[in-house]
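Residue numbers (my numbering), protein chains in the order written: chain H, 801 to 938; chain A, 801 to 938; chain W, 801 to 938.
Glycine included, each C-beta is placed from N, C-alpha and C at the ideal position.
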Amino acid sequence: MQQAQTRFTISTRGQALYEFTDEVADWLAGTGSDTGLVTLLCRHTSASLLINENAAPAVQRDLLRWMAQAAPEGDMYEHDSEGPDDMPAHIRTMLTGASLSVPVAGGRMLLGTWQGLYLAEHRRAPHRREIVAHFIGE
Amino acid sequence: MQQAQTRFTISTRGQALYEFTDEVADWLAGTGSDTGLVTLLCRHTSASLLINENAAPAVQRDLLRWMAQAAPEGDMYEHDSEGPDDMPAHIRTMLTGASLSVPVAGGRMLLGTWQGLYLAEHRRAPHRREIVAHFIGE
Amino acid sequence: MQQAQTRFTISTRGQALYEFTDEVADWLAGTGSDTGLVTLLCRHTSASLLINENAAPAVQRDLLRWMAQAAPEGDMYEHDSEGPDDMPAHIRTMLTGASLSVPVAGGRMLLGTWQGLYLAEHRRAPHRREIVAHFIGE
């Protein structure tokens, strides 16, 4: 049993889903691992992680539109000192979550055919987002 | 320290919560493990995993009704090529998540008294859903 | 590679977010661990876990207000035998989740600068909530 750990930085350019499946897969391949568990943590409170369909880009746009309607910008928030998109970003982060885990076999993450790993950026301005990846296995 | 990994297939018959706590518990018992961590991944983007109450079936129906209202079918989605229940299914999957982890002690998952493991099927048609289970421990 | 496991009990006094980052950090320091993975499980179906901003208390109040509006109390639920705040609590638990994982390096959880670990209590009455913490690493 061994461990490996790294950090990925994703430069975002506004509210969108940024796929980083290949970055994690490449890092995992470089560790020479066969079987185990990859865990990812997004180190921010206005960006989050999710697994969703990576085939049709319209799916990603619909997911974002849903979040924009479910947690809209507006003057209903007590916390408004960091801009109108800040509190909705915290809510959308709460709904999608900061961490997730993916089992590994044969050196590959066992994602389904249409599953991709996404960073969800919930702020309008560009940000540099850091994700920790941790592997335990052999 | 050791690992074990398996896959569960659940045949679904429409939108509902399908409990599979016993299947995971039985597999875990068969590994002869005592202490560790079980991680589950649903390999789909229109079905998801959740832990919720397994006592009152009405709770499960209310959870599904809430999701049906929060992410309803309708003509508001850009992605509509796979049927009216497809895009709502992706949204409901985003809200509930694809992976979760449960610590183990004494050979048993440390779920609370009323907690059960559920596959949430978000599509109307029958599907075969695959869940990967991964154990690390001893 | 080694494991450690403990349970935290949090006494809640109504619907609020209860931070327990320091409790986990102190326990982790006591294990003498350096690198690994901490996984947390909330053993209840009407309270949940989340990572969110620990700087501005107004953020936490806005998160709670959002949940109160998204899953309100009312007579629309089939399951109403445990009080008007019970079914909304199950829904809010579904949205935020029961488990999460945080990588560890240098003996510390790799949370971001503004990230805190919270128990979200969704019931009005006081409760004693139990959280299992599990560490794998070295």
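Candidates the options, of which the one nearest residue i by Cα
{"i": "Ala870 (chain A)", "options": "H:Leu863, H:Met876, H:Asp875 and H:Val904", "result": "H:Leu863"}
{"i": "Ser833 (chain H)", "options": "H:Met909, H:Arg892, H:Met887 and H:Leu917", "result": "H:Met909"}
{"i": "Glu882 (chain W)", "options": "W:Arg843, W:Ala925 and W:Leu919", "result": "W:Ala925"}
{"i": "Arg807 (chain A)", "options": "A:Ala855, A:Leu841, A:Ile936 and A:Leu817", "result": "A:Leu841"}
{"i": "His879 (chain H)", "options": "W:Asp875, W:Ala856 and W:Trp866", "result": "W:Ala856"}
{"i": "Arg865 (chain A)", "options": "A:Gly912, A:Pro888, A:Leu911 and A:Ile931", "result": "A:Pro888"}
{"i": "Gln860 (chain H)", "options": "A:Met867, A:Ala858, A:Tyr877 and A:His927", "result": "A:Tyr877"}
{"i": "Leu911 (chain H)", "options": "H:Asp875, H:Asn854 and H:His927", "result": "H:Asn854"}
DSSP three-state assignment for residue i, whether helix, strand or coil
{"i": "Met876 (chain H)", "result": "coil"}
{"i": "Ala920 (chain H)", "result": "strand"}
{"i": "Leu863 (chain A)", "result": "helix"}
{"i": "Gln802 (chain A)", "result": "strand"}
{"i": "Glu823 (chain H)", "result": "helix"}
{"i": "His890 (chain H)", "result": "helix"}
{"i": "Gln915 (chain A)", "result": "strand"}
{"i": "Thr839 (chain A)", "result": "strand"}
{"i": "Pro903 (chain A)", "result": "strand"}
{"i": "Thr809 (chain A)", "result": "strand"}
{"i": "Gly937 (chain A)", "result": "strand"}
{"i": "Ala870 (chain H)", "result": "helix"}
{"i": "Leu828 (chain A)", "result": "helix"}
{"i": "Ala858 (chain H)", "result": "helix"}
{"i": "Leu895 (chain W)", "result": "helix"}
{"i": "Glu853 (chain A)", "result": "strand"}
{"i": "Leu758 (chain W)", "result": "Missing from the structure shown is residue 758 (chain W); chain W here goes from 801 to 938 and no further."}
{"i": "Ser848 (chain A)", "result": "strand"}
{"i": "Ala816 (chain W)", "result": "strand"}
Proximity below 8 Å, CB of residue i to CB of residue j
{"i": "Leu837 (chain A)", "j": "Ser901 (chain A)", "result": "yes"}
{"i": "Glu921 (chain H)", "j": "Gly814 (chain H)", "result": "yes"}
{"i": "Leu817 (chain H)", "j": "Val904 (chain H)", "result": "no"}
{"i": "Gln805 (chain W)", "j": "Ala933 (chain W)", "result": "yes"}
{"i": "Glu930 (chain W)", "j": "Thr821 (chain W)", "result": "no"}
{"i": "Gly906 (chain A)", "j": "Gly897 (chain H)", "result": "no"}
Close Cβ partners of residue i (< 8 Å) along its chain, the five nearest in sequence each way excluded
{"i": "Asp886 (chain A)", "result": "Ser846, His879, Asp880 and Arg923"}
{"i": "Ala825 (chain W)", "result": "Arg908 and Met909"}
Under 7 Å from the C-beta of residue i: neighbouring residues of chain D
{"i": "Glu878 (chain H)", "result": "In the displayed structure, chain D is absent; the protein chains listed are H, A and W."}
Contacting residues, own chain, Cβ-Cβ under 7 Å from residue i (five flanking each side not counted)
{"i": "Pro884 (chain H)", "result": "Glu873"}
{"i": "Thr839 (chain W)", "result": "Ser899, Ser901 and His934"}
{"i": "Glu819 (chain W)", "result": "Asn854, Gly916, Leu917 and Tyr918"}
Neighbourhood of residue i by C-beta, 6 Å cutoff - its chain only, sequence neighbours within 5 removed
{"i": "Ile936 (chain W)", "result": "Gln803, Gly836 and Leu837"}
{"i": "Met801 (chain W)", "result": "Glu938"}
{"i": "Ser811 (chain W)", "result": "Arg928"}
{"i": "Glu823 (chain W)", "result": "Phe808"}
{"i": "Met867 (chain W)", "result": "Arg892"}
Do the region 904-919 of chain H and the region 834-849 of chain H meet, that is, are 3 or more Cβ pairs less than 8 Å apart?
yes
Using a Cβ distance threshold of 8 Å, determine whether the region 834-845 of chain H contacts the region 885-898 of chain H, with at least three qualifying pairs required.
yes
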